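S.K.: Numbered per my numbering, the sequence shown finishes at 1053, counting up by one with no gaps.
So that we are looking at the same thing, I have put the structure below in structure tokens.
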Amino acid sequence: MWYDGIFESLLALRDEERAPQMSAYMRNQFPFLGITTGPRKAAYKKFLAAAKKEKIVDFDFVDQCFKREEREFQYAGVDYLLAIQNCLGPEDLAKLKHYIQTKSWWDTVDGLDGVVGSIVQRYPECKPILLEWSVADDIWLRRVAIDHQLGFKDKTDTALLEEIIQNNLNQKEFFINKAIGWSLRDFSKTNPDWVRTFIFAHKDDLSNLSIREGSKYV
836 MWYDGIFESL
846 LALRDEERAP
856 QMSAYMRNQF
866 PFLGITTGPR
876 KAAYKKFLAA
886 AKKEKIVDFD
896 FVDQCFKREE
906 REFQYAGVDY
916 LLAIQNCLGP
926 EDLAKLKHYI
936 QTKSWWDTVD
946 GLDGVVGSIV
956 QRYPECKPIL
966 LEWSVADDIW
976 LRRVAIDHQL
986 GFKDKTDTAL
996 LEEIIQNNLN
1006 QKEFFINKAI
1016 GWSLRDFSKT
1026 NPDWVRTFIF
1036 AHKDDLSNLS
1046 IREGSKYV
């Protein structure tokens, strides 16, 4: 397959000394090859550039990335989806949901929320799906719902952001409260008054973590 070269390149970069350290940083959730970000991305830079030009979505490649044991393969799959995100549409959200819920941790999920956000921005009719995710039992789907508008700036749908955060108030889950804080902090760079007003209105229901993160620039 066209992606065999990617897998071979990553395997060739295996660092047995660094791998345990990287796994420990991720609380030993996954084994690692021990490849740092720069060399890892360099290993498949040309492959992703070609895929972006061809505008072909090969989910088989991403499936294989998520089936492999070491975490760097999942990173490669997420980087591939980010590279070809403009080729994805509403019909692909179910597949992305599957990846979000597979070997879930913040490192891959936070990459996938950008892919989901790209689809929602181009296809606003998908917003109800994100509202559904915002009340899901799976914290990672909720985290993507909260943060999928990161970087939208003045194109942020504040009504959607508000409803999604309200669906996640009074939480004890760190990854949810951190996501709320990030979404507010990011949007505060564009509209600090909106964020300041929102935090004041919900100060009794937002966690200290969310308030601290969200107030950083206001």
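Using N, Cα and C, we set each Cβ at its ideal position, and we do this for glycine too.
Values in this document were obtained by computation on a predicted structure and should not be read as measured data.
Taking the Cβ atom as the reference point for each residue, do residue 1005 and residue 981 lie within a distance shorter than 8 Å?
M.R.: Taking 8 Å as the Cβ cut-off, residue 1005 and residue 981 do not qualify as a contacting pair.
S.K.: Since I believe residue 931 is in contact with residue 944 (beta carbons under 8 Å), could you give me their beta-carbon distance rounded to a whole number of angstroms?
M.R.: Going by Cβ atoms, the distance from residue 944 to residue 931 rounds to 11 Å, so no, they are not a contact pair.
S.K.: Tell whether a beta-carbon distance below 8 Å holds between residue 935 and residue 975.
M.R.: Their beta carbons are under 8 Å apart, which means residue 935 touches residue 975 by this criterion.
S.K.: With residue 971 as the anchor, note down where its alpha helix (DSSP H) starts and where it stops.
M.R.: Element bounds for residue 971: n/a, residue is neither H nor E.
S.K.: Considering residue 874, what are the terminal residues of the alpha helix (DSSP H) in which it resides?
M.R.: Element bounds for residue 874: 872-889.
S.K.: Would residue 993 pass as a contact of residue 1017 if the rule is Cβ separation under 8 Å?
M.R.: Contact flag unset, no.
S.K.: Measure the beta-carbon distance from residue 913 to residue 946 and round it to whole angstroms, keeping in mind my assumption that it falls under 8 Å.
M.R.: The pair is a contact, with the Cβ atoms about 4 Å apart (cut-off 8 Å).
S.K.: Which whole runs of the alpha helix (DSSP H) in the segment 891-939 are 4 residues long or more, in chain order?
M.R.: Counting only runs of 4 or more, we get 894-902, 906-918 and 928-935.
S.K.: Mind the definition here: the segment 983-991 touches the segment 955-970 only if three or more C-beta pairs lie below 8 Å; say whether that holds.
M.R.: As far as the Cβ criterion goes, the segment 983-991 touches the segment 955-970, which means the pair count is three or higher.
S.K.: Going by C-alpha distance, which of 873, 882 and 995 is nearest residue 965?
M.R.: Checked all of 873, 882 and 995; the closest Cα to residue 965 is 995.
S.K.: I want to know whether the segment 844-853 touches the segment 870-881 - three or more CB-CB distances under 8 Å.
M.R.: As far as the Cβ criterion goes, the segment 844-853 touches the segment 870-881, which means the pair count is three or higher.
S.K.: Is the beta carbon of residue 841 closer than 8 Å to that of residue 911?
M.R.: Cβ atoms of residue 911 and residue 841: closer than 8 Å.
S.K.: Report yes if the C-beta distance between residue 897 and residue 879 is below 8 Å; otherwise report no.
M.R.: The answer is no: Cβ separation not under 8 Å.
S.K.: As a quick exercise: from 903, 997, 926 and 1053, pick the residue whose alpha carbon is nearest that of residue 1027.
M.R.: Per the Cα distances, 1053.
S.K.: From which residue to which residue does the alpha helix (DSSP H) around residue 837 run?
M.R.: Per DSSP, residue 837 belongs to no alpha helix (DSSP H) and is neither H nor E.
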